[in-house]
Amino acid sequence: MSNSLEGKVAVVTGGSTGIGLGIAKRFVSEGATVVITGRRRAELDAAVAEIGEKASSVQADVSVLSDLDALYAEVSKRHGRIDVLVANAGGGSLAKLGEITEEHFDRTFAINVKGVLFTVQKALPLMKQGGSIIVTGSTTSIMGTEAFSVYSGTKAAIRNFVRSWILDLKGSGIRVNVLSPGPIDTPALRGVADQAPGLLEHFSAVVPLGRIGDPDETGKVAVFLASDASSFVNGAELFVDGGLAQV
Numbered sequence: 001m002s003n004s005l006e007g008k009v010a011v012v013t014g015g016s017t018g019i020g021l022g023i024a025k026r027f028v029s030e031g032a033t034v035v036i037t038g039r040r041r042a043e044l045d046a047a048v049a050e051i052g053e054k055a056s057s058v059q060a061d062v063s064v065l066s067d068l069d070a071l072y073a074e075v076s077k078r079h080g081r082i083d084v085l086v087a088n089a090g091g092g093s094l095a096k097l098g099e100i101t102e103e104h105f106d107r108t109f110a111i112n113v114k115g116v117l118f119t120v121q122k123a124l125p126l127m128k129q130g131g132s133i134i135v136t137g138s139t140t141s142i143m144g145t146e147a148f149s150v151y152s153g154t155k156a157a158i159r160n161f162v163r164s165w166i167l168d169l170k171g172s173g174i175r176v177n178v179l180s181p182g183p184i185d186t187p188a189l190r191g192v193a194d195q196a197p198g199l200l201e202h203f204s205a206v207v208p209l210g211r212i213g214d215p216d217e218t219g220k221v222a223v224f225l226a227s228d229a230s231s232f233v234n235g236a237e238l239f240v241d242g243g244l245a246q247v
């Protein structure tokens, strides 16, 4: 432990499970105070107990703007600022072209695109010079994936958000980067795998490192992007994918 985030206040949306939980745990291990969000109270309570005493939670759905307002009001009340924001909440499910419904499209874009946009925009008044925003992307932003076009489209959209936002934030001293995981062993991936038997084995076969990743491995990279070690990294997309998107 290097305590590279000592004294920093971080907000991690979708922090109760999977990648978000892995990031939150790593942040606390590096000295940060972390506020996590999620839609389910029981999972939030369990996550806070797992992360430790420097963690707290606010129940919120990032696709509901009033929930985001309540989140940031609470963060302001508790801590007065945000040093690191991880816009991580998201999700998706399989649907082939020809089978995509309006409800499927609206739900996925509401969380992954609308939710990310307003998670970031509404946090800005609490962020100052030296702040770091990390948006969770995906290898699907640059790869074709069968039956996953809607989810993939959302991740391509937020990748361009970040390219544009660094221009909007010029002079603010706030950095924005994308952390794009490949296949990571999370409840979300296993939920998709339930719809596609053999998916996890397939990923292990095609990832050059020969395995899927662990949430803690995304957490380690998030610490880098959150810390002063990446002080001149801005607008980048850093893949945590064992090489999958690079071949």
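With full-length UniProt numbering applied, the sequence shown covers 1 to 247. Each residue gets a CB set at the ideal place from its N, CA and C atoms; glycine is no exception. Please read these numbers as outputs of a predicted model, since none were measured by experiment.
8 Å CB neighbourhood of residue i in its chain, flanking five on each side removed
{"i": "D241", "result": "T139, S180, P181, G182, P183, V207, G213"}
{"i": "A123", "result": "V11, Y72, I82, L85, I133"}
{"i": "N177", "result": "S132, I133, I134, V135, V162, L225, S230, V233, N234, G235, A236, E237, L238"}
{"i": "G144", "result": "S152"}
{"i": "R211", "result": "S204, G242"}
Residues bridged to residue i (per DSSP)
{"i": "L179", "result": "T136, L238"}
{"i": "T33", "result": "V9"}
{"i": "G38", "result": "Q59"}
{"i": "I184", "result": "G213"}
Per-residue burial, residue i [other beta carbons within 10 Å of its own, 16 or more giving buried]
{"i": "E217", "result": "buried"}
{"i": "R175", "result": "buried"}
{"i": "L167", "result": "exposed"}
{"i": "E102", "result": "exposed"}
{"i": "E30", "result": "buried"}
{"i": "V247", "result": "exposed"}
{"i": "P215", "result": "buried"}
{"i": "S16", "result": "buried"}
Sequence-distant residues of the same chain with beta carbon closer than 7 Å to residue i, five excluded per side
{"i": "V28", "result": "V34, I51, G52, K54, A55"}
{"i": "L97", "result": "S149"}
{"i": "T119", "result": "T13, V62, L68, A87"}
{"i": "E6", "result": "G31"}
{"i": "L200", "result": "A193, I212"}
{"i": "L126", "result": "Y72, V75, S76, R81, I82"}
{"i": "T108", "result": "G92, V150, Y151, T154"}
Below-9 Å beta-carbon distance, residue i vs any chain B residue
{"i": "R107", "result": "In the structure shown, chain B cannot be found, because there is only a single protein chain."}
Other residues of its chain near residue i: CB distance less than 6 Å, five sequence neighbours each side excluded
{"i": "A110", "result": "S63"}
Given residue i as reference, the closest of the options once Cα atoms are compared
{"i": "residue 252", "options": "L200, L21, R211", "result": "With the chain represented from 1 up to 247, any question about residue 252 goes unanswered, as that position is not in the structure."}
{"i": "L244", "options": "F105, W165, I142, G38", "result": "I142"}
Quiz prompt | Uninterrupted alpha helix (DSSP H) stretches inside the stretch 60-105 (no shorter than 4 residues) | solution = Counting only unbroken stretches of 4 or more residues, the alpha helix (DSSP H) elements lying wholly within the stretch 60-105 are 65-79, in sequence order.
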